[in-house]
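For the sequence shown, my numbering assigns the number 265 to the initial residue and increments by one for each residue that follows.
Note that beta-carbon positions come from the ideal geometry of N, C-alpha and C, so glycine has one too.
Accompanying notes for the structure given below.
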Amino acid sequence: MLNFCKFPARSLVLGYDGIKPDNDFLSRLEKIRPFGIIIFSHNFTRLEDIPRAIEKFRSVVPDMEFLIDQEGGDKCRITKSPYCPPSPYSLRDKSNDIVRQVFRDSAEALAQLGITINLAPVADLGTGLYIRNRTFGTEPQKTAELVVSAMEGIIAGGLKPCVKHFPGLGCADIDPHKKIPVCDTTAQEFENYHWSTFRQSIENGIEYIMTTHILAPSLDAELPATYSNKIITRLRELEFRGKIFTDDLAKMKGAQIFPPQERITRALTAGNDVALWCAQEW
């Protein structure tokens, strides 16, 4: 069993099994005092299950956040409109106002359920086949504008956004859920191309940015971004002063190069502020 109590309060986001959190889970949460709970589609059969669970969580840790992935299109835990926006790629030629509005509509609906953070928008540039349909395109300036518009919509709807996946999944040709992608992108290409959207997000006040499980030898020849102080330092050098989240450390194959407890320790030591453990198996 993992000892989550050894980690600082508000440094973890945890997943849970089933529809209703059991008493043992709630008791452990009270001791761990995580940053938040992440909601997946297996956590509800009806939408009203979500606020009921959130009420139970808040009874033990009142200041927790409640996170969900509602990127749009196929990447939504709640699949119906307006909770799920259209896919970002389908919006790539739309106006900033349209993108802002659909993400606002989504956020307003999610806020009614008690959700506080949407792990969106995707700020990657869609150069790789793996991530393309989850992005707003390949053109840096237009993509950056739409990312910022989506951010603004989420905020206007009452939630906080989290842009992802630094240093950029656009270079990946495989899913980090299955294997660590190795990107041969040069450091200059990252800085001049892939980071343009992240820069715009930072300049427009983004509070949360998520890292990813890719190996980028031009930035760090040994460690994937999740565990790389070199890469996370580069994000801080873009003048980002908010919180840095990991992607899931529990189930994604790209994270599993270390034993479970060590994954969290290494991720936080590298400079991530919040580690995601999207499972109840501790």
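The criterion of a C-beta distance shorter than 7 Å is not satisfied by Val446 and Ala414. Lys428 is classed as buried because its beta carbon has at least 16 other beta carbons within 10 Å across all chains shown. Three or more pairs of CB atoms, one per stretch, sit closer than 8 Å, so the stretch 467 to 483 contacts the stretch 430 to 443.
Using a Cβ distance threshold of 7 Å, Leu410 and Ile444 do not count as a contacting pair.
Boundaries of the beta strand (DSSP E) harbouring Phe330: Glu329 to Ile332, taken from the DSSP string.
Residue environment: Ala534 is assigned as buried (16 or more neighbouring CB atoms within 10 Å of its CB, all protein chains considered). For the 7 Å CB-CB criterion, Asp537 and Lys507 form a contact. Excluding sequence positions up to five before and after Ser275, its CB lies within less than 8 Å of the CB of Pro298, Phe299, Leu532, Asp537, Val538 and Ala539, all in the same chain and listed in chain order. The DSSP-derived three-state label of Glu501 is helix. For the stretch 315 to 364, the continuous beta strand (DSSP E) assignments of 3+ residues that do not extend past its boundaries occur at 329 to 332 and 334 to 336, in sequence order. Our two residues, Cys435 and Tyr394, have alpha carbons roughly 9 Å apart in a direct line. In the DSSP assignment, Lys507 falls within the beta strand (DSSP E) that extends over Lys507 to Asp512.
When the beta-carbon positions are compared, Cys542 and Gly279 come within less than 7 Å of each other. Take the alpha-carbon of Asp281 and the one of Thr380: they are about 20 Å apart. When rounded, the separation of the alpha-carbon atoms in Phe268 and Arg530 is 14 Å.
The beta-carbon distance between Ile418 and Ala371, rounded to whole angstroms, is 5 Å. This is short enough to meet the 8 Å contact definition. Segment contact: the stretch 338 to 354 against the stretch 285 to 296, fewer than three CB-CB distances shorter than 8 Å; contact not assigned. The residue among Gly518, Gln365 and Glu467 with its C-alpha nearest the C-alpha of Thr490 is Gly518. In the structure shown, Ile419 falls within a helical segment according to DSSP collapsed to helix, strand and coil. When only Cα atoms are considered, Val325 and Asp357 end up about 43 Å apart. When the five nearest sequence neighbours on each side are left out, the beta carbons in the same chain lying within less than 8 Å of the beta carbon of Asp388 are those of Ile395, Arg398, Thr399, Lys428, His429, Gly432, Leu433, Gly434, His458 and Thr461, in order along the chain. Apart from the 5 residues on each side of it in sequence, Gln365 sits with its Cβ closer than 8 Å to the Cβ of Gly417 in its chain, given in chain order. By the neighbour-count definition (other C-beta atoms within 10 Å, threshold 16), Ser359 is an exposed residue. The Cβ-Cβ distance between Ala375 and Leu311 does not fall below 7 Å. For Arg368, the CB contacts under 6 Å within the same chain, skipping 5 residues up- and downstream, are Gly417, Ala420 and Gly421 in chain order.
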